[in-house]
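J.: Quick one: this structure, given as structure tokens, is what I'll be asking you about.
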Amino acid sequence: DGAVRFEDVRFGYVPGREILRGVSFEVPAGRTVAIVGPSGAGKSTISRLLYRFYEPSSGRITIDGQDIAAVSQASLRAAIGMVPQDTVLFNDTIAYNIRYGRWDATKDQVEAAARLAQIDRIIASLPQGYETPVGERGLKLSGGEKQRVAIARTILKAPPILILDEATSALDSFTEREIQDALERISRGRTTLVIAHRLSTVVNADEILVLDKGRVVERGSHPALIARQ
Ligand code: ADP
Ligand code: ADP
């Protein structure tokens, strides 16, 4: 389960300036859909509406047929793991920031060990250890490092729905490969919405939507869209 649907969703941050102008699509349960398109098209806005940072001005967003407006914020956020463009961390240790996503979410010890091994690899790529305090009175992490903490948190939480917002954009290309592998493993079998700038980074998506000025202007498989370019 975890099927996500947008039905004719409209939204603007300020009155008189519509950012999403009737967006409809579905991410079937367990599938991966990617949204690509130019900067400012409204891609991140879609992820923010799904996580309910904002409400649509009209239209509906549903998970398994249920309008997310009727779901409690707590259960919505337990069901969705989000790796945002700009990760905000708590002024606490790296370990705290990862555990916040639910250290003990799983009772399956084998599964838990596999996840922790993945997280260890990601943390090993940071110059700091788990117990290092970060934030105002601790170490300042770069954008890419913060994103790695957010990815580790999401891997641990292993929610049924994932939102990956340009999840590897702030990483150097060496780290990007490692992170991409980890994200591919975690997204297998989960409903995943990937927000990306470039078509080349979303080869594995089941469907790709091209968003432009708040509208879906094209959709298809990766090979189909490449062929049309
Ligand atoms: P994309 O992810 O495709 O680059 P966004 O969804 O981030 O696009 O932004 C779409 C439009 O909404 C842009 O014109 C952006 O300036 C505007 N926008 C984004 N966030 C806000 C905000 N918090 N308040 C007002 N306008 C915003
Ligand atoms: P990236 O190119 O990966 O985004 P940055 O150039 O932002 O990296 O940072 C490189 C290194 O400098 C990182 O290890 C980061 O932890 C450290 N760093 C970045 N900003 C600060 C800061 N304000 N104070 C201390 N260390 C910092």
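Anchor point for the sequence shown: position 167 equals 540 in full-length UniProt numbering, and the numbering is continuous, going up by one each time. Positions of the beta carbon are idealized from the N, C-alpha and C atoms, including for glycine. Predicted model, so just to flag it, every value in this text is computed and none were measured.
(1) For V456, does the count of other Cβ atoms within 10 angstroms reach 16, so buried, or fall short, so exposed?
(2) What are the uninterrupted segments assigned as alpha helix (DSSP H) that are 4 or more residues long and contained completely in the region 501-533, given in chain order?
(3) Is V589 closer than 7 Å to L582 when the C-beta atoms are compared?
(4) Thinking just about the alpha-carbon of each residue, which of G587, R561, P596 is nearest to the one in R383?
(5) Give me the DSSP bridge partner(s) of Q439.
(6) Going by DSSP in three states, L393 sits in which element: helix, strand or coil?
(7) Is DSSP giving R472 helix, strand or coil here?
(8) Just confirm the distance between the C-beta atoms of P532 and I453, as a whole number of angstroms; I'd bet it's less than 8 Å.
(9) For the alpha helix (DSSP H) holding A600, just list the boundary residues, first then last.
(10) For A376, tell me which candidate among S430, R521, K513, T435 has the shortest Cα-Cα distance.
(11) Per DSSP, what are the beta-bridge partners of D459 in this structure?
(12) Going straight from the alpha carbon of L462 to that of V507, what length do you get?
(13) Quick one: residues in its chain with C-beta nearer than 8 Å to the C-beta of G502, no 5 flanking neighbours on either side, listed in chain order?
(14) Nearest to D465 by CA position, among E504, S448, D459, P500, is which residue?
(15) Are the beta-carbon atoms belonging to G410 and L556 less than 7 Å from one another?
(16) In angstroms, rounded to a whole number, what distance separates the CA positions of A486 and I471?
(17) Taking contact to mean at least 3 C-beta pairs separated by less than 8 Å, is the region 443-451 in contact with the region 391-398?
(18) Indicate the three-state DSSP secondary structure (helix, strand or coil) for R383 in the structure shown.
(19) If you run the structure through DSSP and keep just helix, strand and coil, what is S573?
(20) Is the region 400-420 touching the region 563-574 in the sense that three or more CB pairs, one from each, lie closer than 8 Å?
(21) Compare the beta carbon distance of D374 and D437 with 7 Å and say whether it is the shorter of the two.
T.: Judging by the given coordinates:
(1) Per the 10 Å Cβ criterion, buried.
(2) Counting only runs of 4 or more, we get 516-530.
(3) The answer is yes: Cβ separation under 7 Å.
(4) Here the closest residue by C-alpha is G587.
(5) Paired residue(s): I436.
(6) The answer is strand: DSSP assigns L393 an E or B state.
(7) Of the three classes helix, strand and coil, the one that applies to R472 here is helix, per DSSP.
(8) Their Cβ separation, rounded to whole angstroms, is 6 Å, which keeps P532 and I453 in contact under 8 Å.
(9) Start and end: 595-601.
(10) Distance from the Cα of A376 is smallest, within the candidate group S430, R521, K513, T435, for T435.
(11) For D459, which the question treats as bridged, DSSP gives no partner whatsoever.
(12) C-alpha separation (whole angstroms): 8 Å.
(13) Contacts found: I467, I496.
(14) Nearest in C-alpha terms to D465, of all of E504, S448, D459, P500, is E504.
(15) The Cβ atoms of G410 and L556 lie no closer than 7 Å to each other.
(16) One Cα belongs to A486, the other to I471, and the distance between them is close to 15 Å.
(17) By the criterion of at least three beta-carbon pairs nearer than 8 Å, the region 443-451 is not in contact with the region 391-398.
(18) Here R383 sits in strand by DSSP.
(19) Residue state, collapsed to three classes: helix.
(20) At 8 Å Cβ cutoff, the stretches touch.
(21) Against a cut-off of 7 Å, the Cβ pair of D437 and D374 comes out as a contact.
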